[in-house]
Each structure stands twice: as structure tokens, then as C-alpha cells.
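To start, the structure under review is shown below, and the notes come after it.
Numbering (our numbering), first residue to last: 30 to 546.
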């Protein structure tokens with residue numbers, strides 16, 4: 030939706046009016062503008078970056094990513110070792126760490142944090158723990174050796190374990206907060222992280238305060254306030270005026286002109302993942318592979334890339350970018366071919382095309398910063414071959430619900446991995462185990478399932494590469510999704526803010542952030 034300058038100004042005033050009454054004590058408050066609100070503050074229930082960006086600051090894992098890199102570094106665990114059979118990992122835990130309420134951190138907290146997610150009889154278990162199975166589903170048990178030693182036992186080798194332990198489902202929570210309460214952390218999280226939770230005004234703001242007793246690098250700023258400003262233009266105007274200090278997922282159509290603004294620092298970094306269109310293979314004509322391949326040929330990826338992504342990132346027709354484990358070099362590809370698309374539709378019994386429900390969201394995502402632009406192009410391309418796609422814009426929460434339920438024909442989407450490993454990209458999005466969760470296309474192929482299962486249980490990277498590439502080739506040949514672009518992450522930061530960065534795992538690091546007075 031295009032807004033007039035007056036409309037933008039009106040929305041802007043409404044969105045930031047609360048700041049006019051901000052107390053002087055907030056002079057060292059970092060204000061983070063975001064496009065949508067969190068749905069849960071429990072890291073085990075996180076389903077998107079809007080959830081886990083808060084978890085990243087309130088909680089810690091056993092390990093972490095080292096600064097702006099994807100190198101694994103110690104966090105709540107100081108050291109670790111793997112057994113010869115690869116089924117048991119032993120972690121030595123850091124001494125002297127406390128949760129935000131003063132409770133000491135021990136191995137028991139690790140046991141409680143993990144067991145609540147895979148033992149369904151656990152009184153703190155919730156079916157909303159949807160990420161565990163795709164990350165750490167092979168965990169059999171957690172053994173407390175002593176207060177500062179814990180062993181994790183698995184049914185299968187875990188080549189991506191350290192990556193999986195560095196992200197939100199594996200963050201360690203305070204046992205007192207969840208004792209018999211599956212939803213105990215949803216609205217009031219208690220962790221060991223660099224910031225403490227203060228309050229949450231739904232669809233407005235979340236306030237965090239510095240943890241002065243943090244075991245690692247104590248944050249420089251006193252507070253962080255995450256302000257929900259859904260409209261891209263409003264949020265960017267707030268950034269330019271200095272009413273917010275930073276925002277992520279800057280729309281690609283604004284990156285180049287914002288880079289010319291000397292009051293801003295616009296950062297981009299390559300993401301591990303893809304932007305694309307999910308095709309619901311259980312819906313009407315989309316059950317036919319010829320129809321799905323026709324859609325592949327109907328879409329002009331080059332135009333989508335130039336108009337919607339503004340030449341940022343790179344065009345790609347698979348899940349993993351070049352140079353990453355799991356990238357296939359002999360992938361079946363689809364050229365832009367409207368005539369070929371029409372021929373396939375006619376062969377499938379749709380010479381005059383058909384009607385199709387096209388669901389989208391309006392707020393920016395890491396894999397689709399400007400969804401409305403992309404939707405318009407794709408809708409026009411489909412119309413050109415006879416497919417009448419009716420677009421419905423959903424709120425972020427409704428889009429999540431409908432995507433999981435399969436309540437759509439096609440939808441914009443994609444995936445950016447927090448684990449920077451193919452296990453965190455291809456496995457959760459195309460294994461049939463995750464239909465109803467993150468396998469949005471509802472794709473089911475026994476051979477692909479077997480390849481993905483085998484790939485995530487061997488420590489041999491050469492073998493993993495072979496298995497993931499073979500699985501990806503089948504997924505492409507089955508036309509389960511339209512892969513468009515390997516995107517970049519973006520971060521818009523005021524020039525008076527220093528020390529903020531976003532890593533390839535989609536984590537925004539604030540500990541070293543400083544704010545000029």
C-alpha cells in the first residue's frame with residue numbers, strides 16, 4: 030500500500046507520541062523499531078525472529094556464536110567433549126552465574142530446560158514447543174553429573190549440535206519460572222542473559238533493562254525498548270528523525286537512498302536461506318506436478334529480484350546459497366518460459382487457467398523485506414499464463430496460523446537459518462515430519478525424508494553434502510516451492526549508535542552498543 034506524505038506523517042506521530050513523555054533517565058535507552066510484535070517470550074515457543082530477538086537478549090545457551098561470525102564460542106558451558114560413538118556430549122558449566130531473580134544457574138537448569146521440551150509427561154511440557162524436534166529431537170536424556178557438569182545423550186549422532194545449542198530452543202530457563210507451568214515464560218521471561226525483562230505492552234512495546242551482574246560483557250546501554258511500528262515508511266521516518274535508534278529488515282527499496290543519509294549506518298550481511306513461494310501441494314490443481322512446474326516457469330525471477338529485492342542478495346533456485354554445505358551444483362532449474370507454462374497447464378487440463386488463493390503478509394521479514402512488491406509482480410506473471418491469483422493480506426499472527434493449517438493455495442515465504450547449517454534450513458522446511466509446522470508446502474516424499482534423516486546423523490561433511498544435494502534435487506524436481514533469491518539481512522542504525530551488528534545466524538548483538546549523549 031502506498032501512503033501519501035500526510036498519511037505517513039499522521040501515522041508517524043501516532044506511533045511515536047509516547048516518546049515525548051520519556052523520562053530523562055531514558056537518555057541511555059536504545060529504542061529498537063520493529064515491524065511486528067512477539068507472539069511469545071518463551072524461547073522454546075519462538076517461531077520467528079520477532080520472538081527470538083528478545084530471547085537472544087534475555088537468555089543464554091550453553092554455547093554462542095562468536096561476535097559477528099558463526100564460529101562457536103563458550104557461553105554457559107566453558108568446555109565440552111564428544112564420546113567416541115558421537116552419542117554423548119559432556120559439558121562443563123560456568124561457575125557463579127545467576128538467573129535474573131538471583132537463583133544460581135546449575136546443571137539442573139539445563140536438565141529442566143531440555144526435558145520439558147521432549148518429555149510429554151513433563152508438567153511443564155507444551156505442544157507449542159514446535160522447534161525442538163527439528164533441532165534436538167534425537168535427545169534421549171539429560172544426565173546431571175554434578176552442579177557444573179551435564180551429559181546429553183542422543184539416539185543418533187548430532188553433527189549440527191553446537192549450532193543448535195547456540196540458538197533459542199536450547200536457551201536455558203529458570204526452573205522456578207516454569208515449575209508445572211508450560212506458559213510460565215510466555216509473558217514474563219527469566220534468564221541469565223545480558224538484559225532483564227521489565228514489561229510488555231502487547232502490540233506496542235517491550236522494555237528490557239541491563240543485567241549489571243551478567244557473567245559476560247555487560248551491556249553499555251541501560252535499557253532497550255522494542256517499539257512496534259508496522260508500517261515500513263513510518264518506521265524508517267522514525268529512524269531518520271532519531272526517534273528510534275535502529276531497525277532490522279530495512280525494505281530493500283529504501284536501502285540505497287538510506288545509505289546516502291550520513292546520519293545512518295545501513296548494514297547488510299548474507300543470510301543462509303532463501304526467499305520464495307510456498308506451493309500447497311495438497312490444494313486442488315497444485316496436487317498436479319505439471320501445474321507446480323508451470324508456476325515455476327511462469328515467474329520471472331530476474332524481475333522479482335530487480336524490482337522487489339533491488340539487486341540485493343542473489344537469485345537462486347534452491348535452499349542453500351553457493352558455498353554453503355548442502356548447495357547442489359547439478360540442480361534441475363526452471364527458466365522463465367510463459368509459453369512452456371501455458372503448455373503444461375493445458376496438459377494438466379487447465380487450458381484456460383484456474384483461480385488460486387495467494388496469501389501474503391505486509392510486514393517485512395528477513396527473507397522478504399518488501400513482500401507487497403514481490404506479490405504484485407508474481408500475481409501479474411501468473412495472470413499472464415491464465416492463473417487468476419486472488420491476494421489476501423494477513424497479519425503476521427494470522428499468516429503463521431493459516432500457513433500451519435494449510436489454509437492457502439500459495440503464499441510468499443522463505444527461510445533463514447539460525448543454525449547456518451542445512452539441518453536448520455532443508456530439514457525443517459521439507460521433511461514430512463514438519464507438515465503443519467514449518468513444512469509450509471506440506472511436501473511429503475519418503476526418499477527425501479530418508480536422505481534428510483541420514484544427513485543429520487553423520488559427522489562426515491562430504492557424505493552430508495552428497496545427501497543434502499540429492500534431497501534438494503528431488504525437492505526441485507517435484508517443484509515443491511518456488512525458490513527466488515538468497516537474501517541478505519539488513520540493519521538500519523543511527524550514526525550515534527556504535528557497536529551493533531547482526532550475524533549470519535540472524536542475531537542482533539547489543540552488548541557492545543554505545544549511544545552518544
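The beta-carbon is built from N, C-alpha and C at its ideal position, and this holds for glycine as well. Being a predicted model, the structure only gives us computed values, none of them experimental.
Listed in chain order, the beta strand (DSSP E) runs fully inside the stretch 385 to 459 are 416 to 423, 439 to 445, counting runs of at least 3 residues. Shown here, residue 497 sits in a helix according to DSSP, grouped into three states.
Around the beta carbon of residue 471, 16 or more other beta carbons sit within 10 angstroms, so the residue counts as buried.
Between the stretch 404 to 419 and the stretch 269 to 280, the count of Cβ pairs shorter than 8 Å is below three; the stretches do not touch. The Cβ-Cβ distance between residue 106 and residue 120 falls below 8 Å. Distances from the CA of residue 349 to each of 267, 233, 502 were compared; the closest alpha carbon is that of 502. In this structure, DSSP gives residue 313 a helical state, which the three-state scheme calls helix. In the assembly as shown, residue 78 is a buried residue. Its beta-carbon has 16 or more other beta-carbons within 10 Å. Counting only residues of its own chain and dropping the five nearest sequence neighbours on each side, residue 473 has a CB closer than 7 Å to the CB of 461, 464. By the Cβ-count criterion, residue 230 is exposed, with fewer than 16 other Cβ atoms from all chains shown falling within 10 Å of its own Cβ. Counted as a single uninterrupted DSSP element, the beta strand (DSSP E) harbouring residue 304 occupies residues 302 to 308.
The stretch 261 to 273 makes no contact with the stretch 308 to 321, as fewer than three CB pairs between them are under 8 Å. Residue 61 is not a Cβ neighbour of residue 360, given a cutoff of 8 Å. In the DSSP assignment, the residues bridged to residue 230 are 234.
Take the alpha-carbon of residue 438 and the one of residue 386: they are about 5 Å apart. The alpha-carbon of residue 65 is positioned some 16 Å away from that of residue 519. With a cutoff of 8 Å on beta-carbon distance, residue 168 and residue 183 are scored as near each other. DSSP, read as helix, strand or coil, puts residue 284 in helix. In the displayed model, residue 244 falls within coil according to three-state DSSP, outside both helix and strand. The beta carbon of residue 433 lies closer than 7 Å to those of 465, 466 in the same chain, with the five residues before and after it left out. With contacts defined by Cβ atoms closer than 8 Å, residue 516 and residue 396 form a contacting pair.
Inter-residue distance for residue 194 and residue 90 is about 6 Å (C-alpha atoms, whole angstroms).
The residues 69, 81, 84, 160, 197, 198, in chain order, have a CB closer than 8 Å to that of residue 75 in the same chain once the five nearest residues on each side in sequence are set aside. Out of 421, 268, 468, 86, the CA that lies nearest to the CA of residue 238 is found in 86. Of the residues 404, 63, 188, the one whose Cα lies closest to the Cα of residue 441 is 404. DSSP places residue 207 inside the alpha helix (DSSP H), whose first and last residues are 204 to 207. Here residue 62 is bridged, per DSSP, to 256, 276.
Cβ contact annotation for residue 100 (same chain, cutoff 8 Å, sequence separation greater than five): 94, in chain order. The alpha-carbon separation between residue 491 and residue 355 amounts to approximately 10 Å. A Cβ-Cβ separation of about 5 Å places residue 268 in contact with residue 521 under the 8 Å criterion. Look at residue 136 here: in three-state DSSP terms it is helix. Straight-line spacing of the CA atoms in residue 174 and residue 456 works out to 32 Å. For residue 425, the closest C-alpha among the options 226, 393, 436, 406 is that of 393.
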